[in-house]
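Protein chains in written order, with UniProt numbering: chain A, 1 to 381; chain B, 1 to 345.
All C-beta atoms, glycine included, are put in the ideal place defined by N, C-alpha and C.
Encoded as structure tokens, the structure appears first; notes follow it.
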């Protein structure tokens, strides 16, 4: 099999020497399955990226992994073996991205994940030396929530979280941060994405009378607990994670989600950003180009992660191209080094400065706190 | 836990249980008449709810295209089966079922805007779009393999479910929708907070159960379905057409499933893949009823709903585990009580 592959690769190399200057970027995106609401705007954003940088043509090849880890790995191997891509973007969801880590190390191809979990790139060693990431770490976002709670004199909090790895991750990240601030978790309940009722869980949460309720869910399924809170006439603060930051959440939630507080990427409130925010220009430009192609109000933070992955590559490709030819293992290694050496790259989600120990490179500028007011996002100072 | 919490949980459980009961009835109906474990029944819940949501938003739902295409395929298959005995009346009937009906619905949906006007009109329109899909699927998918073993029929059902989920994503997108309630009435009874929609869910379920009872007990068609359920070959010998019964069973079951999707969609957000989980809980109830008994299945469905509500209060992380574990003692009990019967093949 290996010999066959080698033979095929050899033939391919003979047939296409003329396109050696084209940099090929593969993308493994969850355009279907449970991650589809992330994957669809991500794929749309990739299709809007420039196809040329510094004299090098860039070609994007987008494959769907159905939000499935096995299919993500298959797609990634296909991209590297058959299309001989120089870098991979993906996947949209954490389980698929974690599965791709080993492949990135084995095939020695730099990979930029769009998923949330910090475990994809930390610690930077072994196969993870080839992994980078553009979505904010849950810890960065959770820190913003804990700070906001402390500033608003929240002493007790009730949590209702997805009964999957999203909920598990968030609970494990946010619990120590809350403890640090002296905030007590008085109820911790779970629910499933497809549940039709959370009455039982919300009774449990509200009967412990917390100052704030923290809903840990992604996308429109996070509306349900908040509707139940409105029905129970709950008066305290309600927090959500950045996983809800798309227009469908507003559409489905309607009046029930007014007043929810959450940390999000700057793009969600691009126009409201203060002029001295480094990402204002990039965020507004991205939002305008996306909405020109897909309709007003269609932009979401998820698509911006794919856009940012493109920006990182556009900054790294010219550096790598000085030392190697695209399409070779040397170029992939050079590209990895170039990505790791990026410094002060302004993109939609803040400013990135990579280092050999940090393959995200973000700081507080990568998130803002917003609330929902009259069916729209409003930046909180 | 105080009494008010108990009452609220009970109410929540009964309302959800009523939805599961509708699906359990649909599953039992199709299984007894055709021996098919109709896995895609949950997809009709999603299709019904999201079709209604699309109509509310003034969009033409993608399901009307599916209706048109499946109607055409179904017509071809009907002609193939009827090729040795085509009469004018038969041709007219086949064309009416597979071409005229979807075309009328298609044109009505494309011409009129349903965004304005009564919710009841939209509900009827959604039923008219989604229900015939069940009929056509029977004709296209199951009729050619009606004599296959239960296992083959099950495998085909699973495949059909996967196809329908995929199509649901294409038609409706990844994000969910809710719909307007049929009634905006709210009543406060002590700690209980009754909504008109919750009352409607329970009322429609009871009405459908009563309606099915009358249908099976009093009408000729209903008796024909029951005869087919009891003994397929015997029913055929006395002149009951198994194909007609299959079609009728599918129309009834998909109409029930679509209606339950429409009912549940104003209580919660429905996604293109939500229906499967709801149907799975209906399936647990149907299994408790041995896939043959309507009243036991309906009661078991209410029990599933109540257990779900209470386990979401006491142990929300294990809620699904508890519900699906319910099936194990029932299966054990059934396998001890009933003698082993070899599959009829």
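Residue i CB to nearest heavy atom of the ligand ATP below 7 angstroms
i: residue 227 (chain A); result: The model depicted lacks the ligand ATP and carries no ligand whatsoever.
Proximity of residue i and residue j at Cβ, strictly below 8 angstroms
i: residue 129 (chain B); j: residue 63 (chain B); result: yes
i: residue 63 (chain A); j: residue 306 (chain A); result: no
i: residue 42 (chain B); j: residue 213 (chain B); result: no
i: residue 330 (chain B); j: residue 288 (chain B); result: yes
i: residue 291 (chain A); j: residue 284 (chain A); result: no
i: residue 239 (chain A); j: residue 222 (chain A); result: no
i: residue 71 (chain B); j: residue 40 (chain B); result: no
i: residue 108 (chain A); j: residue 56 (chain A); result: no
i: residue 154 (chain B); j: residue 37 (chain B); result: yes
i: residue 253 (chain A); j: residue 301 (chain A); result: no
i: residue 26 (chain A); j: residue 79 (chain A); result: yes
i: residue 77 (chain A); j: residue 103 (chain A); result: yes
i: residue 176 (chain B); j: residue 109 (chain B); result: no
i: residue 190 (chain A); j: residue 158 (chain A); result: no
i: residue 245 (chain B); j: residue 219 (chain B); result: no
i: residue 206 (chain B); j: residue 133 (chain B); result: no
Burial state of residue i, where buried means 16 or more other Cβ atoms lie within 10 Å
i: residue 328 (chain B); result: exposed
i: residue 10 (chain A); result: In this predicted model, residue 10 (chain A) has a pLDDT of only 47, less than 50, meaning its place in the structure is not dependable enough to derive any value.
i: residue 325 (chain B); result: exposed
i: residue 316 (chain B); result: buried
i: residue 116 (chain A); result: buried
i: residue 195 (chain A); result: buried
i: residue 233 (chain A); result: exposed
i: residue 118 (chain B); result: exposed
i: residue 234 (chain B); result: exposed
i: residue 17 (chain B); result: buried
i: residue 132 (chain A); result: buried
i: residue 80 (chain B); result: exposed
i: residue 191 (chain B); result: exposed
i: residue 11 (chain B); result: buried
i: residue 100 (chain B); result: exposed
First and last residue of the uninterrupted beta strand (DSSP E) at residue i
i: residue 161 (chain A); result: 156–162
i: residue 190 (chain A); result: 184–191
i: residue 56 (chain A); result: 56–64
i: residue 193 (chain B); result: 192–195
i: residue 182 (chain B); result: Neither: residue 182 (chain B) is in no beta strand (DSSP E) and is coded neither H nor E.
i: residue 262 (chain A); result: 261–264
i: residue 376 (chain A); result: 376–379
Boundaries of the alpha helix (DSSP H) in which residue i is found, first to last residue
i: residue 218 (chain A); result: Element bounds for residue 218 (chain A): n/a, residue is neither H nor E.
i: residue 157 (chain B); result: 150–172
i: residue 274 (chain B); result: 274–288
i: residue 234 (chain A); result: Segment: none, residue 234 (chain A) is in no alpha helix (DSSP H) and carries neither H nor E.
i: residue 120 (chain B); result: 119–137
i: residue 269 (chain B); result: Taken as a continuous stretch (DSSP letters only), residue 269 (chain B) belongs to no alpha helix (DSSP H), as it is neither H nor E.
Would you list, in chain order, the members of the stretch 10–23 of chain B that have their beta-carbon closer than 7 angstroms to a beta-carbon of chain A?
-> 12, 16
Decide if the stretch 314–332 of chain A is in contact with the stretch 89–99 of chain A; the criterion is three or more beta carbon pairs, one per stretch, under 8 angstroms apart.
-> no
Determine which residues of the stretch 183–205 of chain B have a Cβ less than 8 angstroms from any Cβ of chain A, and write them out in chain order.
-> 193
Examine the Cβ distances between the stretch 245–253 of chain B and the stretch 49–58 of chain B and report whether three or more of them are shorter than 8 angstroms.
-> no
Would you say the stretch 208–226 of chain A touches the stretch 234–250 of chain A, given that touching needs at least three Cβ pairs under 8 angstroms?
-> Put simply, the stretch 208–226 of chain A touches the stretch 234–250 of chain A. At least three CB pairs are less than 8 angstroms apart.
Would you list, in chain order, the members of the stretch 215–247 of chain B that have their beta-carbon closer than 9 angstroms to a beta-carbon of chain A?
-> none
Just checking, does the stretch 193–205 of chain A make contact with the stretch 127–147 of chain A on the three C-beta pairs under 8 angstroms criterion?
-> no
Per the contact definition of three or more C-beta pairs closer than 8 angstroms, is the stretch 157–173 of chain B in contact with the stretch 71–88 of chain B?
-> no
Within the chosen definition, does the stretch 344–357 of chain A reach the stretch 296–313 of chain A through at least 3 CB pairs nearer than 8 angstroms?
-> yes
Going along the chain, which residues of the stretch 260–273 of chain B sit with their C-beta nearer than 8 angstroms to a C-beta in chain A?
-> 264, 267, 268, 269, 271, 273
Decide if the stretch 255–266 of chain B is in contact with the stretch 174–191 of chain B; the criterion is three or more beta carbon pairs, one per stretch, under 8 angstroms apart.
-> yes
Residues of the stretch 283–297 of chain A whose Cβ lies closer than 8 angstroms to any Cβ of chain B, in chain order = none
contact_flag[the stretch 169–180 of chain A, the stretch 129–143 of chain A] where n(CB pairs < 8 angstroms) is 3 or more = yes
With 7 angstroms as the limit, tell me which residues of the stretch 312–342 of chain B have their beta carbon closer than that to any beta carbon of chain A; keep them in chain order.
-> Sequence-ordered contacts of the stretch 312–342 of chain B with chain A read 312, 313, 316, 317, 320 [C-beta pairs closer than 7 angstroms].
Using a Cβ cut-off of 9 angstroms, which residues of the stretch 203–227 of chain A contact any Cβ in chain B, in chain order?
-> 203, 204, 207, 219, 220, 221, 223, 224, 227
For the stretch 20–44 of chain A, enumerate the residues whose C-beta is nearer than 7 angstroms to any C-beta of chain B, in chain order.
-> 32, 36, 37, 40
Decide if the stretch 126–140 of chain A is in contact with the stretch 364–372 of chain A; the criterion is three or more beta carbon pairs, one per stretch, under 8 angstroms apart.
-> The stretch 126–140 of chain A makes contact with the stretch 364–372 of chain A: 3 or more CB pairs, one atom from each, lie closer than 8 angstroms.
Touch check for the stretch 82–96 of chain A and the stretch 23–36 of chain A: three-plus C-beta pairs under 8 angstroms?
-> yes
Near-chain A residues of the stretch 42–68 of chain B (beta-carbon distance less than 8 angstroms), N- to C-terminal order = none
Taking a Cβ distance cut-off of 8 angstroms, strictly less, list which residues of the stretch 114–140 of chain B are near chain A, in chain order.
-> Hits within the stretch: zero.
Where the stretch 160–172 of chain B meets chain A: residues whose CB sits under 8 angstroms from a CB there | 166, 169
Of the residues that make up the stretch 279–292 of chain B, which ones have a beta carbon closer than 9 angstroms to any beta carbon in chain D?
-> Of the protein chains in this structure, namely A and B, none is chain D.
Near-chain B residues of the stretch 175–195 of chain A - C-beta to any C-beta below 7 angstroms = Within the stretch 175–195 of chain A, 189, 190, 191, 192, 194 place their CB atoms closer than 7 angstroms to a CB of chain B, listed in sequence order.
Is it a yes or a no for the stretch 292–309 of chain B touching the stretch 18–37 of chain B, going by three-plus beta-carbon pairs under 8 angstroms?
-> yes
Taking a cut of 7 angstroms between CB atoms, which residues from the stretch 240–260 of chain A lie near chain B?
-> Correct list: 248, 252.
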